[in-house]
Structures are given as C-alpha cells and as structure tokens.
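Reading through the structure tokens given below for one structure.
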Amino acid sequence: MKNAVKKALCLATAVALSVSALTACNGRGKSKEVNFWIYGTDSQLEMYYQLTTAFNETYGAEHGISVKATEVLSAGYMGTVTNLMGSSTAPDVILAEDADYKKWIIGNYITDISDINSIYTDIDLGEISNAVIDRLHYDVETNTSDPDDPLYAMPLESRPTALYYNKGLMEKAGIIVISVDEDKLDAWNRNEIADNYGKKKSDYAKLANVTVPAKGYYRSRNPYYFDELSEGWVKPDVAGGEIMVFNNRIAMNWDEVEDLGMYFSAAWNPGKNGRSEWGTTYGYFTETWFNYGWTVGGDCLYDLTGDGDWNFGLLDPNPNYIVKEGKTFTGRTGTVYQAGETVAFYDKMNADANETLVPDSYGDYNRANGGKAGIWTVIQEEMNKGEDSALIELPSTRTAFKRYLKLGCGNDTSNANNLVEDSYGLNISPNPANITDINPIYKQFYSGDILCFVGESQLMREIAVYADDYKLSWDVAPLVQYKEYQDPSDPDCDEVKAKGVVAGHSRVAAMGINRLSSKMDEAKAFVKWATGLDGQRVRASIGFFPTQESLMGELKFDSDSAPTNVTAFSEAMKYQRPGDWWYMPDTLWVEAWCVDLNTNVRNGKKSFANWYSPAVTATNAKLKDYKDFDR
C-alpha cells in the first residue's frame, strides 16, 4: 500500500483567515502536521491517502497545514487509538464508525466540534443530508441525537445500501433488464420514451404484445407468492415463451426477490457441480433484517411507554399499521400520524394511560393485571370500517423477521433446524459461515457465485476494480420493500393493496478530533475540508460515493462497466438510518440476541424454536440497564 503523503508547500507570504486562528506559514515558519489515523480495505486506504495529498497540495499549502495519514489495523482500531490518547504519538483526527461512535464520546476521547459550521467560512460544506449528519449529534446524558445536541464528528463517508445485481447474468438467463421510473412506465410502454439505458420498448421484440406492469421483477406466468395457500415455485418457462422483466427503478417485494433468487439458486434450479443452471450457488443475500422489519413499521427495540421502558421488539407478533393516503390517525397517546407514517408500538397496543405492558418470552405483551394486551380497541374499530378506514394493516415485525430469516435457512423439510416457526427455509442465501474475510460477499458477486446482494455504496469501488477482469455487467437497484398486490397470482396485476415504507440502513464513517490534540484549529480545518465539497469531490473522482448529492454527477469508476442507476444510493441516503448497533451507548443488548442468531441459527446449528424464547428473555433483562436513556 502506498504510504507516502506529499508535504504541503510553504508559501512565501502569509495568507490570513478572516474567521480562523490559523496562521499561514511563511519563509521563516513551519507548517503544522496533523496526524490522521486510517484503516479499511485497500481501496479505502488509497482513497484516504489521495484525500490527504489533495488537501496538502491545495488548502493545506495555502494555510500552512499538512496532514499525515497513518494506516492502523482494522481489528482493534479503537483500542489502539484510545490507548495512546494523551501521548505525543496520538492521532489528531480519527475515524469513528456508527457502532463505536457513542463510545468515542462517552469515553471523552473526541471533542465537541459544534462550531465547525460557523468557522473557516472559505470551506464550502455543501448540502449534507439530515439522515447522515443527525446521527453525529449526541447528548451523553439522554442518549438523544437531536439537531441541537452537541456535534462530535463530521461525515467523511456516507454508506447507504442498495441491491447490487449481475445484469449480464440476468440477460443470459432470459430476463430483460430495464430502467424506468414508475411514473414514466406508461410512456415507456407506449414506446414514447427510452429508459435510463437508452432503450425503448420496441428494442425488445419479446415485449411487442406485453404491457410491462409496475413491478421490480415481472414474469408473465406462474409468479411466486407466499401465503397459506401457495408456497410452490415454478421455474420460468423461457423456452415456452415466458417473459421476464427486471426494472431497476422499482423496488421488488418479498415474493419477487424470492422468485428471482430461486431461479439462480442451486437448491431450486440445479445445474452442474453443485451450482445452479446459471453457474451461481445462490440468488440473493442481505446480511441484516433492517429493511424487512422497518418497512412494516417494526424494530428490534420498542419503548413500552414512550419514556425509556425498553423492550426487545423483533419477535412482536402483533400487526403493524400505516396511514392511508389523504388520511390522518391519532394514536393512543395522542400522537397524530400523517399519511404514509406507521403507527408506533405504544400507540397501537391496548393499554391504559401510564400502564406499562409486560413482555412475555414469546415476544408478545400482557396487560399489567394479566391477559394479552392485543391491539388498541380504537384501531380495531377503525379497521372494521373497511374501505373507509384511515389505516392499512401491515405484517407483524415477527412475520417480517421470519421472512428475512428464511432466506438462508435450508429447504430440506426433514431437518427441524430449517423450520422457521411455521414454514421451512428457502436456501437462496449464503449463511454467515460462507462469508469470510478472504471470500467476502462482494467477491462472490463479481466472481459470479451469487446473482444479487444488499451492499453499501463503497463496494461500488471494490467491484469496479474487478469488473473488467470478470467481464461483469452490473448495476444497482432499490432495496426490497413490503408490497402486497390485490391479486398476487395474476402476473399483470400491479395494483397495490398494502405497502410499507421505504426502509434500509446506512453507515457513516465520521471524522472526529482528539480532545487533547494540540493542533485543534488545524484539525478542524482538515475535517471540514475533507467532509466538504472539495474533499468529497476527490472521493467521487475515484469511485467513492459522495456525501453531497450535488456531486453525484462527478462519480467516476476505473471500469468500462460502471453502474447506471447510482441514483438509487442518493435516494436511499435521504431516508436510510443507522442500524441497531447505534441505538444505545453500547451494543451489549444487541449481543444478547444476535450472537446466538448469527452463529448458530443462521448457520443451521439451532432451530428458530430453540432460539427465540431465551433470546427474548435475555435481551429484555439486559435492557433494564438502559432505563434512563432515550433513543
């Protein structure tokens, strides 16, 4: 790895900052060196080096600041840095990921930089999404991240998630891949416009007599859908004239991604040497449950009262609710929900004012005086209004989580560990044991072992490096979203009966400043420059997703096969939020349920039935330690 960072040029004359304490170097002076400690993949490290070099040759040279980037092993990065805090060898600027961010602050390692927006006014930050920067505000006493809480870091890397897919492999398998926004689909079907790939409908002879519906994945016969009446999958009859269309501008629903995934999975469409007909082993992978649980309005952490009475909610069996278009709904505690908003847990459950529900080991809730709580009676009455109801019922969080878990569980019905409560697994996703440091999921993708996977934006750079060598044609699409069609058995029916919210997680790698740094002003200047338009422009020029949407047009890749639908990431950045590892000051409550899940259940060593009750009990016991915290 290249480790050289060019030193800043010393100007002959002083350059003064009107709003800063910085002093420019001159013929007698010496630039101050800011130490920036970094870690990551080879591509990320190279980006950090190029970023610091660009700073040193421009803003740094003009203002007497140089930055030295030093590589530290990813494993144990925080421990290595914090052990040296206060010493002469400690870094001035550090990288803080979501999962560890609050630990940096609570440990008093990084300083409050709330003033960074009002100083160094010659550096333009541009427009940074609230969904990105809000998580970097933090009040240690309340565990809140409100806009008026102190700011301890700035976002260097925003890493929203999207669905990476192998376009070339889809086309080889007979799937027509288009890129048409839903509001333009009628015009495209009339052959009036081209899609984002420059293709009109008339360019596809197979579509001459087909009106492509507004679906992420369309097949003209036997679409797969899962309910109590249908769980069977029928292989697409390409030879018999079945039409398949994938549209990267419309999110697939749960059925569609499973249908597509089975077509490319060895367990359902076997070929040679333990692979599918198309050379893949699996069709689809997502590491986290977030966009499954969140899309229906659920979460793994519920507040039973709205006052910090925390409870593990991932196994909640009670339905969720979303407000219809053009309607509002007032919840049990008086909160008014607008159209498209899901009703919070404490507003959907039946309870008296000031009553705290009692969780059981199944994941459900009892009244304080005994008996199941159930759904608030006013919501039940509202749902009895039928078409006139202001609410639409969505699946429970438990149902959503089980749908996620089934993806990687085996489909052998003779193995009890493959049973996810009421149905068996699908075996269309690799298990955690199949994904290693030397065989990460993105490598399995560019090498052709999996059709599509959910990944963060920085993987565009990793994939682009190898795309040409593997002759990979690829792109990205929105994450899966809960949608139920009026008639899921009708291939052409795209009338939506119920739809959840768009949802997904993003990570942020932020730049914080050592509280004991002797170069505080210089460090702030570097942090603001690196996270502002100039620094993000450097990142975009080498294939890294910029934090500012205005720079999307400057994103470049060292590959002949770059993604066309990068807009999927910029759209996601506006609504995606941090994962559960960020919720509380530490992750001990997460580990209480997820270690056993990821080590044993998802690897087929333990059944869902043997996991959930101990997980619920242990997590709820641990959450009692967080009573004084908000979220």
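Using the numbering used here, the first residue of the sequence shown is number 31, and each one after it goes up by one. Each residue gets a CB set at the ideal place from its N, CA and C atoms; glycine is no exception.
Asked: C-alpha distance - Pro121 paired with Val64, whole-angstrom precision; Found: 8 Å
Asked: Separation of Val596 from Asp505, as counted between CA atoms; Found: 8 Å
Asked: Alpha carbon of Asn461 to alpha carbon of Arg305, nearest angstrom; Found: 16 Å
Asked: Contact set for Tyr332: own chain, Cβ-Cβ below 8 Å, skip 5 residues either direction; Found: Trp340, Asn341, Phe342, Gly343, Asp346, Phe375, Tyr376
Asked: Same chain only: Cβ atoms within 6 Å of Ala553, ignoring 5 sequence neighbours per side; Found: Val64, Asp122, Val123, Ile543, Ser547
Asked: Tyr227 vs Ile208 beta-carbon contact at 9 Å; Found: yes
Asked: For Asn196, the residue or residues it bridges with in DSSP; Found: Trp504
Asked: Asp610 burial status per 10 Å Cβ neighbour count (16 or more: buried); Found: buried
Asked: Cutoff 7 Å; reference Pro593; Cβ partners in own chain excluding five residues on either side; Found: Met490, Trp504, Asp505, Val506
Asked: Buried versus exposed call for Gln368 [16 or more other C-beta atoms within 10 Å across all chains shown]; Found: exposed
Asked: Within-9 Å CB hit, Asn350 to chain B; Found: Of the protein chains in the structure, only one exists, and it is not chain B.
Asked: DSSP three-state assignment for Pro470, whether helix, strand or coil; Found: coil
Asked: Cβ-based burial, Gln410 [other Cβ within 10 Å; buried from 16]; Found: exposed
Asked: Residue range of the beta strand (DSSP E) that includes Phe85; Found: Careful: Phe85 lies outside any beta strand (DSSP E), inside the alpha helix (DSSP H) at 72–87.
Asked: Buried/exposed call for Arg569, threshold 16 Cβ in 10 Å; Found: buried
Asked: Glu412 versus Ala420: straight-line alpha-carbon distance, rounded; Found: 7 Å
Asked: Straight-line Cα distance separating Lys549 from Thr53; Found: Caution is warranted here: a pLDDT of 40 is assigned to Thr53, below 50, making its placement in the model unreliable, and the coordinate value is therefore given only provisionally. Distance between the alpha carbons of Thr53 and Lys549: 12 Å.
Asked: Rounded C-alpha distance that separates Phe256 from Ser426; Found: 15 Å
Asked: Same chain only: Cβ atoms within 6 Å of Lys230, ignoring 5 sequence neighbours per side; Found: Asn221, Ala224
Asked: Identified DSSP bridge partners for Gln578; Found: Ile158
Asked: Gly485 versus Ala383 - alpha carbon distance; Found: 43 Å
Asked: Integer Cβ distance of Phe85 from Phe556, believed to fall under 8 Å; Found: 6 Å
Asked: Contacts around Tyr234, its chain only, beta-carbon distance under 7 Å, and the 5 residues preceding and following it disregarded; Found: Ile206
Asked: Three-way DSSP call (helix, strand, coil) for Ile136 in this model; Found: helix
Asked: Buried versus exposed, by CB contacts within 10 Å (16 or more), Val287; Found: buried
Asked: Continuous alpha helix (DSSP H) stretch holding Asp377: start and end; Found: 375–378
Asked: Segments of 3+ residues assigned as beta strand (DSSP E) that fall wholly inside the stretch 237–283; Found: 247–249, 274–277
Asked: Straight-line Cα distance separating Ile68 from Leu387; Found: 46 Å
Asked: First through last residue of the beta strand (DSSP E) which encompasses Ser600; Found: It is not in any beta strand (DSSP E) - Ser600 instead sits in the alpha helix (DSSP H) that spans 597–603.
Asked: Residue range of the alpha helix (DSSP H) that includes Gly323; Found: 320–323
Asked: Alpha carbon of Tyr515 to alpha carbon of Lys527, nearest angstrom; Found: 5 Å
Asked: Beta-bridge partners of Glu514, as assigned by DSSP; Found: Ala528
Asked: Uninterrupted beta strand (DSSP E) stretches inside the stretch 159–189 (no shorter than 3 residues); Found: none
Asked: Whole-Å CB distance - Tyr351 paired with Thr372, under 8 Å assumed; Found: 7 Å
Asked: Ala403 and Met379 closer than 9 Å at C-beta; Found: yes
Asked: Selection from Phe431, Glu92, Tyr78, Thr88 that minimises the alpha carbon distance to Thr100; Found: Tyr78
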